[in-house]
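Quick notes on the structure that follows.
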Amino acid sequence: MVATDRTTGPERARAAAAAVTDPELPMLTLADLGILRRVEIEEDGTAAVWITPTYSGCPALAEMRADVDRAVRGAGFDRVEVRTELSPPWTTDWITDEGRRKLSENGISPPGGAPRRAPGPVPLTLMPTRTVPRCPLCGAADTEELSRFGATSCKSLHRCRSCLEPFEHVKEI
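For what it's worth, the UniProt record's numbering labels the leading residue of the sequence shown as 1, then goes sequentially.
This is how it looks when you write it as structure tokens:
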């Protein structure tokens with residue numbers, strides 16, 4: 001069946017794509033992460049879905065595309081195109097409040113505000129920028145970074161000096 005209803009089709013396709021979970025943070029949907037940009041039904045009935053990866057080299061992008069394709073086809077669309085949109089680049093500011101809550105509930109420290117940059121070329125900074133996140137388990141602010149890279153390159157590994165538990169933190173981008 002080809003879904004051609006242009007009134008309910010976009011909402012149905014968007015709901016299907018929005019419910020897809022992130023392969024690296026499965027407690028979050030693509031909508032929670034702000035990765036899902038837009039969904040349109042084209043004249044020929046193709047469901048076109050635009051996503052923005054968390055960064056251009058994200059190894060999970062192929063899996064996300066396949067999962068979105070499968071979910072939208074499961075919502076009744078025979079033709080699906082998942083397109084990558086790189087501009088503007090994704091920022092952790094796009095993570096929804098619900099997404100931040102889910103991260104914290106799952107023991108992962110959500111990111112703070114993304115760094116603000118002036119328009120134009122990205123300035124070179126030789127000193128690393130470090131965020132000192134609160135512990136998502138006990139709420140303490142006294143934490144230390146154990147490794148700049150966690151299970152994925154978008155997370156860092158920390159330990160709470162109060163409860164002594166390790167936790168991951170989603171880096172601000």
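For each residue, glycine too, the CB sits at the ideal point set by N, CA and C.
In this text, all values refer to a predicted model and were calculated from it rather than measured experimentally.
Taking C-alpha positions only, Arg79 is separated from Thr143 by approximately 49 Å.
Uninterrupted beta strand (DSSP E) stretches at least 3 residues long and entirely within the UniProt domain "MIP18 family-like" (14-82) occur at 36-41 and 47-51, given in chain order. In this structure, the CA atom of Met64 is about 14 Å from the CA atom of Ala48. Contact holds between the segment 107-115 and the segment 132-141, because three or more Cβ pairs, one in each stretch, are under 8 Å apart.
In the assembly as shown, Pro26 is an exposed residue. Its beta-carbon has fewer than 16 other beta-carbons within 10 Å. With fewer than 16 other Cβ atoms from the protein chains shown falling within 10 Å of its own Cβ, Leu164 counts as exposed.
Rounded to the nearest whole angstrom, the CA to CA distance from Ser162 to Glu43 is 58 Å. Spatial neighbours of Pro121 in its own chain (CB-CB distance under 8 Å, excluding positions within 5 residues in sequence) are not present.
A Cβ-Cβ distance of about 20 Å is found for the pair Pro23 and Ala75, leaving them out of contact under the 8 Å criterion.
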